[in-house]
Structure formats: C-alpha cells, structure tokens
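Student:
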Amino acid sequence: MTRRDLTAKIVLYAILSAGLVVVVGPFLWMLLSSFKTEGEIRAAPPTWWPSHWTLTNYHDLFSRLDFPQYFANSAIVAILVTAGNLLFCSLIGYALAKLDFPGRKALFLTVLGMLMVPGMVTFVPQFVLISNMGLANSYAGLVLPFLAGPFGVFLMRQFLLAIPDDLIEAARVDGAGEWRIFWRIVLPLCKPALATLGILTFLASWNNFLWPLVVATTDDKYTLPVALALYSIGQNRIYYGLLLAGAVVVVLPVLIVFLALQRHFLRGIATTGLK
Amino acid sequence: MTASTRTRRAVAGWSFAAPFTLLFLVFALLPVVASLVMSLTDLRATDLRHPLAVNFVGLDNYTRLFEDAQFRRGAINTLVFVVIGVPLTMVLALGAANILNSGLIRLRGLFRVGFYLPVVTSIVAIAVVWRFLLDPEAGIVNSLLASVGIDGPSWLQDTRTSLPSIIVMAAWRNFGSLMVIFLAALQGIPTDLYEAATLDGAGWRQQFQRITLPLMRPALLFGAVITGIGYLQLFEEPLVMTQGGPLSSTLSVSYHIYNQFGFGNYGYAAAASYVLFVAIVALSVLQFRLLGARDD
C-alpha cells in the first residue's frame, strides 16, 4: 500500500467514525440516560455514563403509565397491517405480473399514481369515512386504511415479473388451477420479497404516528408513539427519565427486528430503488 | 383465443386483484376524489350530521388560501426546507456511499447499519432525544460549543435557528436510506472503468465527475424525486419538535392543513392538500427534466 493510500484510508475512517458518532451517539445517550436519576438527566453539563444506575424510570413506565397496553396496541395493529399487506399485495402482484386480464394496465397505473398522492389529501376524507363507519377509536379504524398500500403492490409485481413463465405454464399444463399455482408455486418463490415487504410494513406501522394520533381518542387504544408524544408535549410536569425510558421502549423492538434482518432488509430496499 | 378462455382469464385475474382493489377503492381512491369535491365546498366538521347544508363555493377555498398569511408562511417554510434539505441529504448520502464503496474501508456493514438506524426509528422517539441534545442549558450540543468558547443559541426556541435545526435533523434522519440506494448503484458500476481511467492518469476528482456521477444519474434522480416528495410533506418533525413554532417559523403546508382539519375546516383543508399535491407533481416533473435522461 502506498503512503497516499494510507493517508486516504485514515482520513476516510476519520470521517466515517465521526459520522457514526453523530448518528448513533444520540441513541446511545438515550439508552444510557434512561438508567439515570431525574436529577442527573437534568444536570448541566450533561453526562454520558450514569453515576448512579437505576431502573426507576422503567418501573414507573410500566406501573404508573399504561405502557403494556400501548405496547400491545402497537403490536396488534402492526401485525394485522403487515399480514394484510403481505396477502393482498402478493395476490394483486401476481395478477399484475403474470395474468392477462382486461384493465390490468389501468389498474397498475392507478395504484402506482397513488404513490405520488400526499398523505394529507386522503387524510381528511379517510377520517370522515372511518368516523361515519363508527370505527373511530377502534382497532379496525386503526388498521383498515393501511391494509392496501401501493408500495407493496409495486414491490411484489416487480419481484414476480422476474419469475420465469415456464414454471407457471408447466403447472397449468399439468392441470393446476390458478389458486393452486399461486399457493403452491408462486408464493414459496416470493419469500425474499415477502420478507422485505413484511419488515418494511411492520416498521412503518410500528412508527406510524399521525393516523393513530387522530383516530385513537382514549388511552386504551393509544399506540406507543402516540402515548409517548402526548406525554412529552401534553403535560406541564414532565419526568424526563420516564420520557427517555419510553423512547427506548418504542425504539428497542424495531432495533432488534432491524439488526436481526438487516441484510435482507437493506438488499430489498436497494433493489426496489433501482428498478 | 376462444371467448370462454378470455372470460376465464378475466375472472382469474380480477379475482386475484379484487381484495386489494376493493380496499384500495374505498380507502384510497374514494378519499382522493372526495378530497377534491370537498375542496370545492364549505364543508365543516359540524356539517357531517347535515350534509345537505353544505354549499358549493367553487374555487373560493383556493383563492382564500393564497390570501391566508399562515398558509403563505407554511409554503415558504416548506420551500426552504425542500430547497436546502434535499441537496443536503443527497450530498451526505452520496458522500457516505462513495466512501463506503471506495474499497479502502472494512467494517462496511457496521457503518451501513449505523447510518441506517435513524431511518427505522420512530420520529417521536427521535424528537425526544433531539430536544434533549438541543436543550439550551443541559444539551450536549451547547455544552460542546461551550467547551470551545461559543455561546450556543436556544436552537428550537429561536426563530432564526428553529427551521435550520429541523432541516439538519431531517437530513440526519434520512440520508441513510438514500445511502443504501446509492451504494447499490455504485456497486453496479464496472470497476474496470476506474482502472482504465487511473491508467490514463485521471485523479479521483475527475473519475468522480466523469464516471461516477453520470453512471449514477438514474439513482440520483430516483433519490431526488422520493426525497423531494417526502420533504414537501414536512409535518411530523415540526409537530413533535416545535409544534410549528416559535411564531410559525417551522409551520409547514401539511402542518397548516392539519391545523385547519383540527379547527373543523374540512373543505379548506382539502383545498390546501390539493395545492400540495400539485406542488409534488410539479416538483417531480421538474426533477425529471433537470436530472432525467437527455440522450439515452
């Protein structure tokens, strides 16, 4: 290795490490500080390492606030939304990629066009609709508008286009019906795409904020982000330790899912981006 | 093809498409149309029980919008956010992707995962942390500044620094997702192009300008368009960080729509949302013109 290469290498590592500190540092501080006492969190100048470790914040979070309920709500909504998207998007994705039917192109373009529509355009009518259906402040109201996302259709169709037609034709020749072909042949081949879509949808639902903020009106239907936001901006006397512990509880499940599946996840995103 | 095969194919196709399409019609397409119709009426929250009392007011809501000082303020803030935020995010993502792809770096996975972390994190949790970081007295940012003798501002409480703070936070949060896309594009560039350029005596700067940037154009365009679409809808960051303040300095168009919805002015809010829609389409078209394929 030449001297110039070595210098370049050192400079690049320095830039990247500084970047990593700036990006990951705040999360690390959040985690460490959630084990500090209220007094130490408020102290100026701020500290990194807790001088006195305590679990009080987490204990209060689960005893004084209804965090187990919020956690369960977030999980229920995210699981239902993810299951719905996997099913509906792979079904229509198969139709759009492999079946020839009248209106196919128009249907695809309409769904694709929806990607450009800002959330605020549909937000008000969706709220009116859900309210009139009597579904405000219910799980159905939290889940229904997110069951059919255009992104999932796009992702599944792109993936299915790459599956060879011969495979499907051969099954047809053998007399298998379209549904049997879908369940037995197509869906098992879709595992990578389903994994990507599943993770993306789960994360998006877990982090979703505006809709549950408006639709969930009582404590027992709050999702985690809603509870955390209302607690952090709605009260006069805020306990910072509670706030940080709450943020950790919101982030941790996502972090675990992400770290466990990141290879799959990042590859999936990169390929959708390029197509 | 016989008529019966054609029918059978149509039935098969639509039966696979039906579940999604039904949900999509009710919860996406219908609202898009309803929003447009609502924008031409004086519908208010209180009218929902007596829909017949609603009047068509033509383009009244739209003309009122442009006389609305708050809407104009939101539009300017949103524009500033997009014009500074999109390039900033792109440059950070491009820089990180190029360094990671340079071949000199090990632990690529570690950096990639680290930079991606904020993308998958709830904005509410991020806001909690960032409000601590930017706290004028007990925040890490100002205590670092103080250690080099600078008296840091009250970032989120000062009208001069509130919007810039939000811009930096958004770039910090989002550059990781563009980085992953750019990294994939970079890995698709054949390495022998660089080898040939090196033999010809081209430095890294020339290689970057002549090889990397042109070959990354589709990915750059895609990145600019999706970031632009996302940033024009700026909403959650100011909601959780500043509630649009101080003095509307971080009020965005989407935030204004949300406020109008909260006041019960549904028709007015719908009109504002359609203006945003048009802006998004216009920005995307503009970006395709500027960055899109000219010769290929």
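So the protein sequences, as listed, match chains A and B.
Quick note on numbering: the working numbering labels position 215 of the first sequence as 280, and the sequence is numbered without any gaps.
Quick note on numbering: the working numbering labels position 42 of the second sequence as 43, and the sequence is numbered without any gaps.
Ideal Cβ placement from N, Cα and C applies to all residues, glycine included.
Because the structure is a prediction, the values reported are computed rather than measured.
1. Determine, for Leu339/A, whether the minimum Cβ-Cβ distance to residues of chain B falls below 8 Å.
2. Find the residues of chain B that neighbour Lys74/A, judging by a C-beta separation of less than 7 Å, and give them in chain order.
3. Spell out whether any CB of chain A is found under 8 Å from the CB atom of Ile168/B.
4. Within the same chain, show all residues whose beta-carbon is closer than 8 Å to that of Phe236/B, passing over the 5 residues directly before and after it, in chain order.
5. By the DSSP assignment, the alpha helix (DSSP H) with Asp231/A in it spans what residues?
6. How would you label Leu212/A, buried or exposed, when you count the other beta carbons within 10 angstroms and need 16 or more for buried?
7. Measure the CB-CB distance between Val226/B and Gln158/B and report whether it falls below 8 Å.
8. For Ile321/A, name the three-state secondary structure that DSSP assigns.
9. Once DSSP output is grouped into helix, strand and coil, what is the label at Thr67/A?
10. Count the CB pairs spanning the segment 265–285 of chain B and the segment 185–199 of chain B that are closer than 8 Å, and state whether there are at least three.
11. Within the 8 Å Cβ cut-off, does Ala271/B reach chain A?
12. Any beta-carbon of chain A closer than 8 Å to the one on Tyr275/B?
13. Is Thr122/B close to chain A, meaning its C-beta is less than 8 Å from at least one C-beta of that chain?
14. Who pairs with Thr42/B in a beta bridge, going by DSSP?
15. If you compare alpha carbons, which of Pro253/A, Ala269/A, Tyr296/A, Ile106/A is closest to Val1/B?
16. Mind reading off the beta-carbon distance from Phe153/A to Leu24/B? Whole number of angstroms is fine, and I expect it under 8 Å.
17. Within 8 Å (strictly less), CB to CB, does Ile81/B reach chain A?
18. How would you list, in chain order, the residues of chain B whose beta-carbon sits under 7 Å from the beta-carbon of Ala312/A?
19. For Arg113/B and Met91/B, I'd like the C-alpha separation in whole angstroms.
20. Comparing C-alpha positions only, which one of Ser285/B, Gly231/B, Ser250/B sits nearest to Ala70/B?
21. Any Cβ of chain B within less than 8 Å of the Cβ of Ala160/A?
22. Closest Cβ-Cβ distance between Gly117/B and chain A: below 8 Å?
23. So Val319/A and Trp276/A are in contact, right, with Cβ under 8 Å, and what is the actual spacing, rounded?
24. Name, please, each residue of chain A whose Cβ falls closer than 8 Å to the Cβ of Glu138/B.
25. Whole angstroms are fine: how far does the CA of Val186/A sit from the CA of Phe57/B?
26. Taking Cβ to Cβ, would you say Ser285/B is nearer than 8 Å to Ile212/B?
27. Provide the residue span of the alpha helix (DSSP H) that contains Ala128/B, from first to last.
28. Could you give the residue range of the alpha helix (DSSP H) that holds Cys154/A?
29. Of all the residues that make up the segment 220–241 of chain A, which are near chain B by a beta-carbon distance shorter than 8 Å?
30. Please look up how many angstroms separate the CB atoms of Ser116/A and Glu103/A, rounded, as I've assumed it's under 8 Å.
31. Tell me, please, whether the CB atom of Phe264/B is closer than 8 Å to any CB atom in chain A?
32. So, with DSSP's three-state summary, where would you put Asp297/B?
33. Measuring only between beta-carbons, confirm whether Thr119/A sits less than 8 Å from chain B.
34. Hey, how far is the Cα of Ala310/A from the Cα of Leu97/A?
35. Which one of Leu194/B, Trp205/B, Gly224/B, Ile124/B has the shortest CA to CA distance from Arg69/A?
Tutor: For this structure:
1. Unreliable positioning characterises Leu339/A in this predicted model, as indicated by a pLDDT of 43, which lies under 50. A coordinate reading is not provided.
2. Leu105
3. no
4. Ser253, Ser255, Tyr256, Tyr259
5. 230–238
6. buried
7. no
8. helix
9. coil
10. Of all C-beta pairs linking the segment 265–285 of chain B to the segment 185–199 of chain B, fewer than three are shorter than 8 Å, placing the two stretches out of contact.
11. Yes, Ala271/B lies at the interface with chain A (some Cβ there is under 8 Å from its Cβ).
12. With 8 Å as the cut-off, Tyr275/B counts as an interface residue toward chain A.
13. yes
14. Phe57/B
15. Residue numbering for chain B in the displayed model covers 2 to 297; residue 1/B lies beyond these limits and cannot be assessed.
16. Contact flag correct, Cβ pair sits at about 7 Å.
17. Strictly speaking, residue 81/B in this sequence is Val, with Ile absent from that position. False, the Cβ-Cβ gap to chain A never drops below 8 Å.
18. Ala126, Val129, Val130
19. Going from the Cα of Arg113/B to the Cα of Met91/B covers about 16 Å.
20. Ser250/B
21. yes
22. In the sequence as presented, Gly is not what sits at residue 117/B; that position holds Tyr. Judged by the 8 Å Cβ criterion, Tyr117/B is in contact with chain A.
23. Going by Cβ atoms, the distance from Val319/A to Trp276/A rounds to 18 Å, so no, they are not a contact pair.
24. Ala109
25. 19 Å
26. no
27. 124–134
28. Per DSSP, Cys154/A belongs to the alpha helix (DSSP H) from 132–163.
29. none
30. The pair is not a contact, with the Cβ atoms about 13 Å apart (cut-off 8 Å).
31. Proximity of Phe264/B to chain A, defined by a Cβ-Cβ separation below 8 Å, is not satisfied.
32. The pLDDT assigned to Asp297/B is 44, lower than 50, so where the model puts this residue is not dependable; a value taken from the coordinates is nonetheless given after this. DSSP places Asp297/B in coil when its eight states are reduced to three.
33. no
34. 10 Å
35. Trp205/B
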